[in-house]
Structure formats: C-alpha cells, structure tokens
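K.L.:
Heads up: the sequence lines are chains A and B, in that order. Residue numbering for the first sequence follows this note's numbering, beginning at 258 and increasing consecutively. Residue numbering for the second sequence follows this note's numbering, beginning at 4 and increasing consecutively. Heads up, the beta-carbon is just placed ideally off N, CA and C, and yes, glycines get one too. Before I ask anything, let me first share the structure, which is written out below as structure tokens.
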Amino acid sequence: MFFFDTTRTTRKVETDIPESEWVARAKRGDEGAFVHLATIYRPRIWSTASRFARSRVELEDLTQDLFLKMWKGLPSYRSEAPFEHWVMTLAVRGCYDFLRSNRRRRENETVVDPQESPDDPDPASERDQSRREAWETVSLLLDHLEAKDRVLITLLDLEERGVRETAALTGWTETNVKVRAHRARKKMRELFDELGLEP
Amino acid sequence: MNPDHPLETLLHEAARFAPFGEAGNFGFETRLLAAMRSAEPTLTDWVSRFSWRFSAACLPVFIGITVFLLMQHQTLPEGVGGLMTHWMDYLPFAI
Numbered sequence: 258m259f260f261f262d263t264t265r266t267t268r269k270v271e272t273d274i275p276e277s278e279w280v281a282r283a284k285r286g287d288e289g290a291f292v293h294l295a296t297i298y299r300p301r302i303w304s305t306a307s308r309f310a311r312s313r314v315e316l317e318d319l320t321q322d323l324f325l326k327m328w329k330g331l332p333s334y335r336s337e338a339p340f341e342h343w344v345m346t347l348a349v350r351g352c353y354d355f356l357r358s359n360r361r362r363r364e365n366e367t368v369v370d371p372q373e374s375p376d377d378p379d380p381a382s383e384r385d386q387s388r389r390e391a392w393e394t395v396s397l398l399l400d401h402l403e404a405k406d407r408v409l410i411t412l413l414d415l416e417e418r419g420v421r422e423t424a425a426l427t428g429w430t431e432t433n434v435k436v437r438a439h440r441a442r443k444k445m446r447e448l449f450d451e452l453g454l455e456p
Numbered sequence: 004m005n006p007d008h009p010l011e012t013l014l015h016e017a018a019r020f021a022p023f024g025e026a027g028n029f030g031f032e033t034r035l036l037a038a039m040r041s042a043e044p045t046l047t048d049w050v051s052r053f054s055w056r057f058s059a060a061c062l063p064v065f066i067g068i069t070v071f072l073l074m075q076h077q078t079l080p081e082g083v084g085g086l087m088t089h090w091m092d093y094l095p096f097a098i
C-alpha cells in the first residue's frame, strides 16, 4: 500500500548510503546528492579558504565558487582517487587562482583590522587574542609573497600538511615545494626583521 | 627552517586561529542550489567542451577534401588564371 508516509524510512536508509554512492548520484546530475556532499566537505573547505579571503563575505563567495567549480568538474572525477583528495585538490587550486586573479586588487587594499570587523568572533581569552595577533602579523607577511609561495606556506605551516600531501594537492613536485617553501620562509623572516615586528 | 626565529612561533600560533570562525550553515544549501541552477552550462559551454571531439571528426573530412583537390589539380591548366577558370565552372552562376 502506498498510503503511508515513507519519508522517515527513506531518511534512515539514506544515512547508510556510502559516500561513493552519493558521488555516483552527483555525477549523474543529482543536485541533492551534490549538496549533501558539499555539506560534509564545507568545514574543511571553509577552513582552507579562510586563509586566503579578507572578509567573511569574500570567504562565503570563494567557498561557493569552489563548490560550483566542483559541480561543473564532477564529470571529470575518476573514482580511482579518493573523493576527499579530489575535493581538496580543486579547493587548493581554486584558492590559488583566486589569489592570482585578485592580486592587483589586494595590493591596493589596506589590511582590514579584524577587531573592527563585526563578523569576527570576539576574543574570549588572552590566548585567543595572542593567536589573533599572530594571524594578523602572518597575514601581513603573506601579503608580500607571490601567490604560489603563499599557498605553500598556508598548506605547510598554517594547515600543517606534509610536503608530499602539499605536492599532491598543488600538482607541483616535492622538490619544488621544498625549495619554494624554504625561500618563502627566508623572505618572510627577512621581512619580519625589516619591519621590526614582534611575535 | 630556523626554529629559533620568532616567525616559527608566529606561524604556530596563527595555525591555531580561525580567522572568520566556523562556517554557518544557515541557508547554505538553498544558496548553493540556486547558484548551481543559475550556473547551468550554456550552449557555448557545451560547444567548447566538445570542440576537441569535433576537430577529430573533421580530420577525415579535411583529408578527403585535400585528396579531392589534389586529384583535380592534376588535370588543371598551369597558372593562377587556369585555376580560377577551373573553379568558376563549379559556381552555380556564370561569371
């Protein structure tokens, strides 16, 4: 009989569906399946993208653009690689493109003081305040780096990923990652000393 | 890396700070769905996506035309004038 509401049963079954099935559905053009996947991966993408955006609004836009790129690129996804890796690769490369395309505009902008921004969370403790100040200083130094170097420092030092993982996400060789990161850190240290900053 | 430089401490501290807090979920799904629908591929997107396949399909046609022209040119009178006279015969109207 079809007079009963089957919504509850369906929902219970859907929670047991493996990720590969959600991916397969999304690849077939199921928008709901893709949104389901996007909801799962959003915190990770948000966390990575937040290192490149200058405001919460910009971050929201960047995150949405990254998901749109994934939606459009989904037919090219091959199931041999883990879906998470594919998602993060697209996110990192999307952030890199974002940095490159906005570089000129960003150079002309003044650094927004997050304390003045109403969107930012209030520092709950002295430790939070110290971390916020550290982030502001690092952000200032990162602004002086090339887009490629900035991506590397973000992945290696701020997201604390390994060299191999960083190389896989960016598509650059491990040697290239090591050499560029070394030079970028050197440049940051020099700039740090030159500006007379304090930790 | 120079572990003694203050920059390392800074990076370590900055890594533990989330610049814009956590992602809010309010309206996320609706906004994403709307963006996905408004970003549906247009005709131009489809053409550009399959353009390389069209080029592969055009190759035999291109080879066929080249062979045909070469065969035709074997019986052509020499010079540009002869070529023009020959091709004018293919036009649907007289010049």
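Shortest alpha-carbon distance to Glu417(A) belongs to which of Thr394(A), Glu315(A), Thr320(A) and Thr305(A)?
P.N.:
The shortest C-alpha separation from Glu417(A) is found at Thr305(A).
K.L.:
Taking the alpha carbon of Trp429(A) as the reference point, which residue from Ala281(A), Arg446(A) and Val349(A) has its own alpha carbon closest?
P.N.:
Measuring from the Cα of Trp429(A), the nearest candidate turns out to be Val349(A).
K.L.:
For the region 286 to 297 of chain A, enumerate the residues whose C-beta is nearer than 8 Å to any C-beta of chain B, in chain order.
P.N.:
The region 286 to 297 of chain A vs chain B, Cβ under 8 Å: Glu288, Phe291, Val292, Ala295 and Thr296.
K.L.:
Just the chain A side, please: which residues come within less than 7 Å of Leu36(B) by C-beta, in chain order?
P.N.:
Correct list: Glu288 and Val292.
K.L.:
Give me the chain B residues within the contact set of Trp392(A), using Cβ-Cβ distance strictly less than 7 Å, ordered along the chain.
P.N.:
Ala17, Phe20 and Pro22, listed in chain order.
K.L.:
So is Arg437(A) buried or exposed if we call it buried at 16+ other beta carbons inside 10 Å?
P.N.:
When all chains shown are included, Arg437(A) counts as buried.
K.L.:
By the three-class DSSP mapping on this structure, what secondary structure does Ala38(B) have?
P.N.:
Note: Ala38(B) maps to helix in three-state DSSP.
K.L.:
From this set, Glu393(A), Arg360(A) and Met345(A), which residue's C-alpha is nearest Ala18(B)'s C-alpha?
P.N.:
For Ala18(B), the nearest C-alpha among the options comes from Glu393(A).
K.L.:
Is the beta carbon of Phe355(A) closer than 7 Å to that of Leu319(A)?
P.N.:
In contact: Leu319(A) and Phe355(A) (Cβ atoms closer than 7 Å).
K.L.:
Going by beta carbon distance, what residues of the same chain come within less than 8 Å of Leu415(A), once the five residues before and after it are set aside?
P.N.:
Closer than 8 Å at Cβ, skipping near neighbours: Arg308 and Val395.
K.L.:
Am I right that Arg299(A) and Phe31(B) are in contact with their C-beta atoms under 8 Å? What's the rounded C-beta distance?
P.N.:
Right, the Cβ-Cβ distance comes to about 7 Å (below 8 Å), so this counts as a contact.
K.L.:
Hey, Leu10(B) and Phe340(A): beta-carbon distance below 7 Å or not?
P.N.:
Cβ atoms of Leu10(B) and Phe340(A): not closer than 7 Å.
K.L.:
Using 8 Å as the Cβ pair cut-off and three pairs as the minimum, do the region 323 to 341 of chain A and the region 403 to 412 of chain A touch?
P.N.:
Segments in contact, no.
K.L.:
Over the uninterrupted alpha helix (DSSP H) stretch that includes Tyr298(A), give me the two end residues.
P.N.:
Unbroken alpha helix (DSSP H) run through Tyr298(A): Glu288 to Ala306.
K.L.:
Any Cβ of chain D within less than 7 Å of the Cβ of Leu10(B)?
P.N.:
Structure shown: chain D not included; protein chains present are A and B.
K.L.:
Check whether the Cβ of Met445(A) lies closer than 7 Å to any Cβ atom in chain B.
P.N.:
Output row for Met445(A): interface = yes.
K.L.:
Is His8(B) helix, strand or coil by DSSP?
P.N.:
The answer is coil: DSSP assigns His8(B) none of H, G, I, E or B.
K.L.:
Compute the distance between the beta-carbons of Phe23(B) and Leu398(A), then report whether it is under 7 Å.
P.N.:
No. Outside cutoff.
K.L.:
Kindly indicate which three-state DSSP category Ser358(A) falls into: helix, strand or coil?
P.N.:
Ser358(A) falls in the helix class under three-state DSSP.
K.L.:
Roughly how many whole angstroms lie between the Cα atoms of Arg388(A) and Phe20(B)?
P.N.:
C-alpha separation (whole angstroms): 6 Å.
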